[in-house]
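K.L.:
2 protein chains.
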Amino acid sequence: NMSAEKCLAKGSAAPGPVPEDYIRVYSMRFCPFAQRTRLVLKTKGIKYETINVHLKEKPDWYLKKNPLGLVPTLETPAGEVIYESPITCEYLDEVYPEKKLLPSSPFAKAQQKMMLEHFSKVIPYFYKIPMDKKKGEDVSGLEAELKEKFAKLNELLKLLQKLSVQIYLYLTGSTLCLIRFLDGTPELKKWTELMLQDSAVKALMFSPDAHKAFFKTFLDGNPDFDYGL
Amino acid sequence: NMSAEKCLAKGSAAPGPVPEDYIRVYSMRFCPFAQRTRLVLKTKGIKYETINVHLKEKPDWYLKKNPLGLVPTLETPAGEVIYESPITCEYLDEVYPEKKLLPSSPFAKAQQKMMLEHFSKVIPYFYKIPMDKKKGEDVSGLEAELKEKFAKLNELLKLLQKLSVQIYLYLTGSTLCLIRFLDGTPELKKWTELMLQDSAVKALMFSPDAHKAFFKTFLDGNPDFDYGL
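Top line first, the protein sequences correspond to chains A and B. In terms of UniProt numbering, the first sequence is residues 1 to 229. In terms of UniProt numbering, the second sequence is residues 1 to 229.
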């Protein structure tokens, strides 16, 4: 795992081609969507390098690779570019067949993807609620919506467990900081605690304090993407 | 193709199990996300039945099948339920290998999925712009964003064509009514015109007048899901 940790901003020199036998992930250290892709890379033992991108002052060369300017983005030695978090994870699981993460049955696979989709719809609340709160707005409606979404995730998780389908690891990334919200949803809590024991998760996660510190700079409108380096 | 065209609303009786050798799609006749799934079913020659759902007064039995309450949803004779438009399309393409729509190369497949994702982000503008206009709000900002998104799609389409990758048919559904917006994006316009000659598209599409008439009832807050039946 070759990595240049400090993020590259507007005006930086474009990185060279991806070394043979490696894959590159463009990331931001605290981004839950990018964390999924990095968990897949780590779990499957893929040789990869990480380039962190300054998401407030994006380099022009990055916008040429991914016109949406979001992370994660994958790049291969052949210059192929893949983005959108679930698409990158599915791509990696297909190209690197060792340690398959998605089940081979089409229905079981669809269930994992549906679960991920549900989860992705939860993530924006974790940015919106604190931002609105900071602005002094009433967030009780948003909090009720979030609670409802967690309850649905909890139901789905029960269903998946009954079916003995293994939970797709890449859900994990985003769940790590949320454990304190999970008291009303025991299945989700149990599963999250289980994931926290996973070795790839342990290797990639930050402490809740580091997350909190980064998030504070984010709320202040001046995110410190290099926090802790 | 067995279909009960009129939509089922709250209080309706739940439909029975899906007949053997069939798959069922829960749909709304004018929904672009459901139209994709129906195009895949039609193009691949799959035996399916359609049940239309009243999206303003959803039946309780429908919310039990799909807690999000959205269309499309697929149901199999075994009672398996699959939803989220791209997930349903990928599921169908895996389970019914005849006439494969997605390429087998992981990168080419990822490109098709990325293109679809870009396109899905355009669809909400077609609801939001007219709704805001009706409320008397300034929509010039939204229109500029939409134009920008079309320009990006146009660039991506050029790239895909250069790579000789066939465009994944399920993009089509949503494009049909948009052709008048495509003067600044020649690749997208050319491709849309090509798609309009496809036999599955011809079989499933409504006239622009029917779309317009449905959309008027939608804007008035009382969508006539059975318009034209």
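Ideal Cβ positions, reconstructed from N, Cα and C, are used throughout, including at glycine.
If you scan the UniProt domain "GST N-terminal" (21 to 100) of chain A from start to end, which runs of the alpha helix (DSSP H) of 4 or more residues do you find wholly inside it?
P.N.:
Qualifying alpha helix (DSSP H) stretches, in chain order: 32 to 43, 60 to 65 and 85 to 95.
K.L.:
Can you grab the Cα-Cα spacing for the pair residue 158/B / residue 56/B, in whole Å?
P.N.:
Numbered from its first residue, the second sequence carries residue 158/B at position 158. Numbered from its first residue, the second sequence carries residue 56/B at position 56. Cα to Cα, the separation comes out at about 39 Å.
K.L.:
Helix, strand or coil for residue 135/B? Go by DSSP, reduced to three states.
P.N.:
Working through the second sequence from its first residue, we reach residue 135/B at position 135. In the displayed model, residue 135/B falls within coil according to three-state DSSP, outside both helix and strand.
K.L.:
Indicate whether at least one CB of chain B lies closer than 7 Å to the CB of residue 64/A.
P.N.:
Position 64 of the first sequence holds residue 64/A. So no, residue 64/A is outside the interface.
K.L.:
From the beta carbon of residue 129/B, is the nearest beta carbon of chain A less than 7 Å away?
P.N.:
The count along the second sequence starts at 1 and reaches residue 129/B at position 129. No, because no Cβ of chain A sits closer than 7 Å to the Cβ of residue 129/B.
K.L.:
Mapping DSSP to helix, strand and coil, what is residue 8/B?
P.N.:
Indexing the second sequence from 1 puts residue 8/B at position 8. It is a strand residue.
K.L.:
Which same chain residues, not among the five before or five after residue 165/B, have their C-beta less than 8 Å away from its C-beta?
P.N.:
Locating residue 165/B in the second sequence gives position 165, where the first residue counts as 1. Note that residue 165/B scores 38 on pLDDT, short of 50, meaning its location in the model is unreliable; the coordinates nonetheless yield the value given after this. Excluding residues within five positions, the ones whose Cβ falls inside 8 Å are 103, 108, 111 and 112.
K.L.:
Count the other CB atoms within 10 Å of the CB of residue 93/B; is the residue buried (16 or more) or exposed (fewer)?
P.N.:
Against the second sequence, residue 93/B aligns to sequence position 93. Burial call: buried.
K.L.:
So is residue 167/A in contact with chain B if we call contact Cβ pairs under 7 Å?
P.N.:
For the purposes of this step, residue 167/A is taken as residue 167 along the first sequence, with counting starting at 1. No answer about residue 167/A holds up, because its pLDDT of 47 lies below 50 and its placement is not dependable.
K.L.:
To be precise: take each residue of the UniProt domain "GST N-terminal" (21 to 100) of chain B, compare its Cβ to all Cβ atoms of chain A, and keep it if any distance is under 7 Å. Which residues remain?
P.N.:
Going along the UniProt domain "GST N-terminal" (21 to 100) of chain B in chain order, one finds 67, 80, 82, 83, 84, 87, 91, 94 and 95 with a Cβ nearer than 7 Å to chain A.
K.L.:
Within the 7 Å Cβ cut-off, does residue 19/A reach chain B?
P.N.:
Mapped onto the first sequence, residue 19/A falls at position 19. No - not a single Cβ of chain B is within 7 Å of the one on residue 19/A.
K.L.:
Establish whether the CB of residue 106/A and some CB of chain B are separated by less than 7 Å.
P.N.:
The residue you call residue 106/A lines up with position 106 of the first sequence. Yes, because at least one Cβ of chain B sits closer than 7 Å to the Cβ of residue 106/A.
K.L.:
What distance in whole Å lies between the Cβ atoms of residue 8/B and residue 53/B, which are believed to be in contact at a cut-off of 8 Å?
P.N.:
The residue labelled residue 53/B in the question sits at position 53 within the second sequence. The residue labelled residue 8/B in the question sits at position 8 within the second sequence. Confirmed, about 6 Å.
K.L.:
Under a CB-based cut-off of 7 Å, is residue 6/B close to chain A?
P.N.:
If you number the second sequence from 1, residue 6/B lands on position 6. No, residue 6/B does not count as interfacial toward chain A.
K.L.:
On the DSSP letters alone, give me the boundaries of the alpha helix (DSSP H) that residue 186/A sits inside.
P.N.:
Counting from one through the first sequence, the residue named residue 186/A turns up at place 186. Where residue 186/A is concerned, the enclosing alpha helix (DSSP H) stretches over 186 to 195.
K.L.:
Please state whether DSSP places residue 207/B in a helix, a strand or coil.
P.N.:
The residue you call residue 207/B lines up with position 207 of the second sequence. Coil, per DSSP.
K.L.:
How about residue 163/A: is its C-beta nearer than 7 Å to some C-beta of chain B?
P.N.:
Indexing the first sequence from 1 puts residue 163/A at position 163. Legend: pLDDT at residue 163/A = 49, less than 50; position of this residue unreliable, value from coordinates given subsequently. False, the Cβ-Cβ gap to chain B never drops below 7 Å.
K.L.:
Candidates 19/B, 11/B and 27/B: which alpha carbon is nearest residue 5/B's?
P.N.:
Against the second sequence, residue 5/B aligns to sequence position 5. Nearest C-alpha to residue 5/B: 27/B.
K.L.:
Can you check whether the C-beta of residue 117/B is within less than 7 Å of a C-beta belonging to chain A?
P.N.:
Working through the second sequence from its first residue, we reach residue 117/B at position 117. For residue 117/B, the answer is yes, since a Cβ of chain A falls inside 7 Å of its Cβ.
K.L.:
List the whole-angstrom C-beta distance separating residue 32/B from residue 123/B, where the pair is believed to meet the contact cut-off of C-beta under 8 Å.
P.N.:
Here the question's residue 32/B lines up with position 32 in the second sequence. Here the question's residue 123/B lines up with position 123 in the second sequence. Contact check for residue 32/B and residue 123/B: beta-carbon distance about 6 Å, within the 8 Å limit, so the pair qualifies.
K.L.:
At a cut-off of 6 Å, would you count residue 45/A as near the ligand MG, judging by its Cβ distance to the nearest heavy atom?
P.N.:
With respect to the ligand MG, the structure offers nothing, as it holds no ligand at all.
K.L.:
Could you tell me the alpha carbon to alpha carbon distance between residue 231/B and residue 129/A, rounded to whole angstroms?
P.N.:
Residue 231/B lies beyond the range of chain B shown here (1 to 229); nothing can be said about it.
K.L.:
Within its chain, find whatever has a CB closer than 7 Å to the CB of residue 133/B; leave out the 5 residues flanking it on each side and keep chain order.
P.N.:
Within the second sequence, the letter at position 133 stands for residue 133/B. Counting only Cβ-Cβ distances below 7 Å, and skipping sequence neighbours, we find 139.
K.L.:
Can you give the Cα-Cα distance for residue 187/A and residue 195/A, rounded to whole angstroms?
P.N.:
What you label residue 187/A is simply residue 187 of the first sequence in a count that begins at 1. What you label residue 195/A is simply residue 195 of the first sequence in a count that begins at 1. If you take the alpha carbons of residue 187/A and residue 195/A, they lie about 12 Å apart.
K.L.:
Quick one: Cα of residue 125/A to Cα of residue 22/A, how far?
P.N.:
Counting from 1 along the first sequence, the entry for residue 125/A is found at position 125. Counting from 1 along the first sequence, the entry for residue 22/A is found at position 22. For residue 125/A and residue 22/A, the distance between alpha carbons rounds to 35 Å.
K.L.:
Is there a C-beta anywhere in chain A that falls below 7 Å from the one on residue 110/B?
P.N.:
By one-based count along the second sequence, residue 110/B stands at place 110. Yes, residue 110/B lies at the interface with chain A (some Cβ there is under 7 Å from its Cβ).
K.L.:
Need the endpoints of the alpha helix (DSSP H) that residue 103/A sits in, please.
P.N.:
By one-based count along the first sequence, residue 103/A stands at place 103. Residue 103/A -> no alpha helix (DSSP H), and no H or E assigned at all.
K.L.:
Counting only Cβ-Cβ distances shorter than 9 Å, please list the residues of the segment 144 to 159 of chain B near chain A, keeping chain order.
P.N.:
Those would be 152, 155 and 156, in chain order.
K.L.:
To the nearest angstrom, how far is it from the Cα of residue 116/B to the Cα of residue 87/B?
P.N.:
Walking along the second sequence from the start, residue 116/B turns up at place 116. Walking along the second sequence from the start, residue 87/B turns up at place 87. Between residue 116/B and residue 87/B, the C-alpha separation is close to 11 Å.
K.L.:
Pop quiz: residue 20/A and residue 77/A are said to be a contact at Cβ under 8 Å. What is the actual Cβ separation, rounded to whole angstroms?
P.N.:
For the purposes of this step, residue 20/A is taken as the residue at position 20 of the first sequence. For the purposes of this step, residue 77/A is taken as the residue at position 77 of the first sequence. With a Cβ gap of about 5 Å, residue 20/A and residue 77/A count as contacting.
K.L.:
Assuming the contact rule is C-beta atoms closer than 8 Å, residue 25/B and residue 72/B should be a hit. Round their C-beta distance to whole Å, please.
P.N.:
Taking the first residue of the second sequence as 1, we reach residue 25/B at position 25. Taking the first residue of the second sequence as 1, we reach residue 72/B at position 72. Right, the Cβ-Cβ distance comes to about 6 Å (below 8 Å), so this counts as a contact.
K.L.:
Which of the three DSSP states, helix, strand or coil, is assigned to residue 121/B?
P.N.:
As a first step, residue 121/B must be located in the second sequence, where it is residue number 121. It is coil, neither helix nor strand.
K.L.:
Just confirm the distance between the C-beta atoms of residue 144/B and residue 185/B, as a whole number of angstroms; I'd bet it's less than 8 Å.
P.N.:
Counting from one through the second sequence, the residue named residue 144/B turns up at place 144. Counting from one through the second sequence, the residue named residue 185/B turns up at place 185. So it is not a contact: roughly 14 Å between Cβ atoms.
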